Amino acid sequence: MKKLIIATGLLLGGLFAQAQVKGVKHVILIGMDGFGAYCFPKVDNPNMKQLMKEGSWTLQARSVLPSSSAVNWASMVMGAGPEVHGYTEWDSRTPELPSRTLDQYGMFPSIYTILREQKPNAEIGVIYSWEGIGYLFPKAAVNKDLGTKDNDSLATEASIAYIKEKKPDFLFIHFDQPDGVGHNIGHNIQPYFDQVKKNDELLGKILQAVKDAGIWDNTIILLTADHGGIKKGHGGKTMEEMQIPWIIRGPGVKANKELGTSVVTYDTAATIAWIFGLKTPQVWTGRPVKEAFK
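The sequence shown maps to residues -19 to -1, 1 to 275 in mature numbering (1 follows the signal peptide of the UniProt record, and there is no 0).
What follows is the structure in structure tokens.
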């Protein structure tokens, strides 16, 4: 009986070590700060719209509340809302509320934690413009940890080099814009749209790097945001602040599919875990967006 239990455990371990979605070896999550879904009909963003054409998408995904940065970046990678992970402010560096549970790194369990546990040899990277991201993941769980001090171009260059050199299993790339323009000039106006176009150009460079690295055909790209904005701020309960784009393309993903499924930002972690075939913590509330897949 004991041998049977051990064999079953080894079998399950083997299952968790293989991707749930056939043909997937890499996932690249790209997050753009303050990127409201409302702007899509008004922006020249051909790379983003090509991803939509090739993949599945919704412009009605929602942030958690408050609709601000750290709380939503935490929720995106931690698979749960602030009620349980405890990060509640735009600039949270540590949880204001006690996290419901802690992983071996002393943090609320994240996609980084479970990927490292269940795929110990995975190459995992985080490249980010806003320094606040650096407080929202266990650094001991990743191979690459690089902040670029609000410089999205530098984050793009670093990401291109990392993709080509290491071909990471999982990479999170954070852009600080268009949030800066939203705060300093305003949301839903031409300068904001112009900045989103610049973001789209940087996205195009990253997509080309994936192709140049020879991993395009087995890579899933997931593009989303932490929140949108209204006037020169965010954090409130308007749809302009809460609705974010959620776009996914790659092997196994339905093409040109507008999703009817409800998507909340914590579903992002759950979807990535499901793609990789990972067992998720009981404390997570996120659900994989299976409608996006064939």
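Just so it is clear, CB atoms sit at the ideal spot from N, CA and C, and this is done for glycine as well. Nothing here was measured: the structure is a model prediction, and the numbers come from that model.
Boundaries for S49: no alpha helix (DSSP H) harbours it, and the DSSP string shows neither H nor E there. DSSP places H215 in the coil class of the three-state scheme, outside both helix and strand.
By the neighbour-count criterion, in which a residue is buried when 16 or more other Cβ atoms sit within 10 angstroms of its Cβ, D72 is exposed. Of the candidates L135, V58, G210, the residue whose Cα lies closest to the Cα of I253 is V58. A straight line joining the alpha-carbon of P27 with that of T205 spans about 16 Å.
Note on G113: 16 or more other CB atoms within 10 angstroms of its CB, so buried under the neighbour-count rule. Its Cα nearest to that of G161, the residue W111 stands out among I229, W111, Q189. According to DSSP, residue pairing for V8 in a beta bridge involves F151, I201. In the three-state scheme derived from DSSP, where H, G and I count as helix and E and B as strand, M13 is classed as strand.
Taking C-beta atoms as the reference points, I105 and Y93 count as a pair closer than 8 Å. Rounded to the nearest angstrom, the Cβ distance from H155 to G15 is 12 Å, too far for a contact under 8 Å. Distance from the CA of F153 to the CA of L203, rounded to the nearest whole angstrom, comes to 10 Å. If the five residues before and after P79 are omitted, its C-beta is found closer than 7 Å to the C-beta atoms of G67, all from its own chain and listed in chain order. Per DSSP, the unbroken beta strand (DSSP E) holding V107 starts and ends at 105 to 109. By the neighbour-count criterion, in which a residue is buried when 16 or more other Cβ atoms sit within 10 angstroms of its Cβ, G209 is buried. Cβ-Cβ distances below 7 Å link L96 to A103, I105, F151, F257, L259 in the same chain, with the five nearest sequence neighbours on each side left out; the list follows chain order.
Boundaries of the alpha helix (DSSP H) around P172: 171 to 193. Around the beta carbon of N53, 16 or more other beta carbons lie within 10 angstroms, which makes this residue buried.
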